[in-house]
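K.L.:
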Amino acid sequence: KAGYIYCKIRLYIPNTIRCFKCQRFGHSKTACRGRQTCCKCASVDHPTSDCQSTELLCANCKQPHSADSKDCPQWKKEKKIQEVRTKQNLSYYEAKKLLFPEQNSMSYSNALKSSTSQPSQTDERLTKVIVPPLMKLKPVKPNVLRVKNVSTAKSSTESPLTNSAAQSKIKKHSQNAKQAKASDQWELVKESKAAKKARLLAERRGHVLQSLSRSRSLAKP
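Numbering (my numbering), first residue to last: 3 to 223.
1. Between LEU163 and the rest of its own chain, which residues show a CB-CB distance below 8 Å, the 5 nearest in sequence each way excluded?
2. Suppose contacts are defined by Cβ-Cβ distances below 8 Å. Is CYS34 in contact with ALA69 by that definition?
3. What residues in its chain sit with their C-beta under 6 Å from that of SER119, if we drop five residues either side in the sequence?
4. Would you report the Cα separation of LYS82 and ASP47, rounded to the nearest angstrom?
5. Below 8 Å, how does it come out for the segment 86-99 and the segment 58-73: are there three or more Cβ pairs, yes or no?
6. Identify the continuous alpha helix (DSSP H) that holds TYR94 and give its terminal residues.
7. Going by DSSP, which residues form a beta bridge with ARG216?
8. Among the residues of its own chain, which have a CB less than 6 Å from the CB of GLY36, if the five just before and after it don't count?
9. Applying the 10 Å Cβ sphere with the 16-neighbour rule, what's the burial state of ALA267?
10. In terms of residues, what are the limits of the alpha helix (DSSP H) holding LYS82?
11. For GLU80, which residues from the same chain have a beta carbon less than 6 Å from its beta carbon, with the 5 sequence-adjacent residues on both sides left out?
12. Can you list, in chain order, the residues of its chain with a C-beta nearer than 8 Å to that of LEU214? Leave out the 5 residues immediately preceding and following it.
13. Pull up the DSSP beta-bridge partners for ALA4, would you.
14. On the criterion of 16 or more Cβ atoms from any shown chain inside 10 Å, does GLN54 qualify as buried, or is it exposed?
15. Excluding sequence positions up to five away, which residues of its chain have a Cβ less than 7 Å from the Cβ of THR50?
16. Can you list, in chain order, the residues of its chain whose CB lies under 6 Å from that of CYS63, leaving out five sequence neighbours each side?
17. Is it true that the CB of PHE22 sits closer than 8 Å to the CB of ARG10?
18. In this structure, what does DSSP give as the bridge partners for PHE27?
19. Whose CA, out of ILE7, VAL86, SER45, GLN177, lies closest to the CA of ILE15?
20. In three-state DSSP terms, what is THR50?
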């Protein structure tokens, strides 16, 4: 209703999306990863503006019409996909799966069959393994082995001897250090005794001198 006028309304269905570069449906030129293809003759070596061919060929269905023709069966399928997409509010790929489920399953099964039916070809040159001839090793003399065994035995016997000698040296060094400390302490003790004797002698001499001075002072008239 527009004012006082009643109008019939129908849902707008957008046109199909066709790439102007590779002529395929479902994407635009900006997102295209394909090769440049002519819209008229479906050739890859030149664009549509440079086409000079008089025969038409569709790049999608391979029928005698241009890729932008509305009579193309592929264009009609894409139109149905756009209709379902707008009415049911689905994405492009969801609407395509909903309309053509058999086409998707058949394409998947065909891909599996083609992959399993192709025999695996191997190159004989790749499968062959070239092994160089083995070189004969020179025999080892027994004298060399004996010398090695003797040297290892000597090293094994010398190692505990060297360890014991080092330990004895450490013990001797510690004993000498203890003896030196004891002798130093004894000398200190001796020195203290001698000092004590000297002090006692000095005290005795002082007493004797005092007694002599007193006796002399008393003896004077």
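By construction, the Cβ of each residue, glycine as well, lies at the ideal position given by its N, Cα and C atoms.
Keep in mind the model is a prediction, meaning the values are calculated, not measured.
P.N.:
So, from the data block:
1. Here residue 163 refers to the residue found at position 161 of the sequence shown. Summary for LEU163: the model assigns pLDDT 48, below 50, so the residue's position carries little reliability; its value from the coordinates is reported in the next sentence. Taken in chain order, the list of residues that qualify is empty.
2. Mapped onto the sequence shown, residue 34 falls at position 32. Mapped onto the sequence shown, residue 69 falls at position 67. Their beta carbons are not under 8 Å apart, which means CYS34 does not touch ALA69 by this criterion.
3. Position 117 of the sequence shown holds residue 119. No answer about SER119 holds up, because its pLDDT of 49 lies below 50 and its placement is not dependable.
4. Indexing the sequence shown from 1 puts residue 82 at position 80. Indexing the sequence shown from 1 puts residue 47 at position 45. Each residue's Cα considered, the two are about 32 Å apart.
5. no
6. As a first step, residue 94 is located in the sequence shown; it is residue number 92 there, counting from the start. Its alpha helix (DSSP H) spans residues 94-101.
7. Position 214 of the sequence shown, counted from the start, is the residue given in the question as residue 216. Paired residues: none, contrary to the question.
8. In the sequence shown, residue 36 corresponds to position 34, counting from 1. So the list reads CYS24, once near-sequence residues are dropped.
9. Lying outside 3 to 223, the shown extent of the chain, residue 267 is not represented and no answer is given.
10. On the sequence shown, position 80 is the one that residue 82 refers to. Per DSSP, LYS82 belongs to the alpha helix (DSSP H) from 75-90.
11. Reading the sequence shown from its first residue, position 78 is the one you call residue 80. Correct list, in chain order: THR18, PHE27.
12. As a working mapping, residue 214 is identified with position 212 in the sequence shown. Cβ neighbours of LEU214 beyond the five flanking positions: none.
13. Translated into the one-based positions of the sequence shown, residue 4 becomes position 2. Beta-bridge pairing links ALA4 to ILE7.
14. Position 52 of the sequence shown, counting from 1, holds the residue named residue 54. That one is exposed.
15. For this step, residue 50 is matched to residue 48 along the sequence shown. So the list reads CYS40, CYS41, LYS42, once near-sequence residues are dropped.
16. Reading the sequence shown from its first residue, position 61 is the one you call residue 63. Excluding positions up to five away in sequence, the list reads CYS74, PRO75, GLN76.
17. For the purposes of this step, residue 10 is identified with residue 8 of the sequence shown, where counting begins at 1. For the purposes of this step, residue 22 is identified with residue 20 of the sequence shown, where counting begins at 1. Per the sequence shown, residue 10 should be read as Lys rather than Arg. No, they are not a contact pair.
18. Along the sequence shown, one-based indexing puts residue 27 at 25. DSSP lists ARG20 as partners of PHE27.
19. Working through the sequence shown from its first residue, we reach residue 15 at position 13. Comparing Cα-Cα distances from ILE15 to each of ILE7, VAL86, SER45, GLN177, the minimum goes to VAL86.
20. The residue labelled residue 50 in the question sits at position 48 within the sequence shown. In the structure shown, THR50 sits in a helix (DSSP, three-state: H, G or I).
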